[in-house]
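First residue of the sequence shown: 351, per my numbering; consecutive thereafter. We put the beta carbon where it would ideally sit given N, CA and C, even for glycine. The block underneath contains the structure these notes are about, expressed in structure tokens.
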Amino acid sequence: VTADNASNNSTMGATIAKSHRARSLTWDEVEDLLGCMAHIVQLGIRDFMAFVTKTSAIETAATIWEYDPSD
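This is the structure:
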């Protein structure tokens, strides 16, 4: 099952596993529940952009602080 990484997906996974166990079927709620790849990529990009933005802000502040108009 592909999920969107919302917190209720754990509940869904447990419910599916319980239903499968009642029918003597195997389904592992941790192994078989996959996060949506697009959502996972988006979360990674958001973290990367936050890092880049923070780094850029620090470099800009340092440049402003070190600016000497006589140069």
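Where Ala422 sits in the DSSP three-state scheme
For residue 422 there is no data in the structure shown, the boundaries of the chain being 351 and 421.
Looking at the secondary structure, which residues open and close the alpha helix (DSSP H) in which Glu379 lies?
Unbroken run through Glu379: none, as it is neither H nor E.
When you compare the CB positions of Ile395 and Trp377, do they come within less than 8 Å of one another, or not?
Result no, Cβ atoms of Ile395 and Trp377 do not sit closer than 8 Å.
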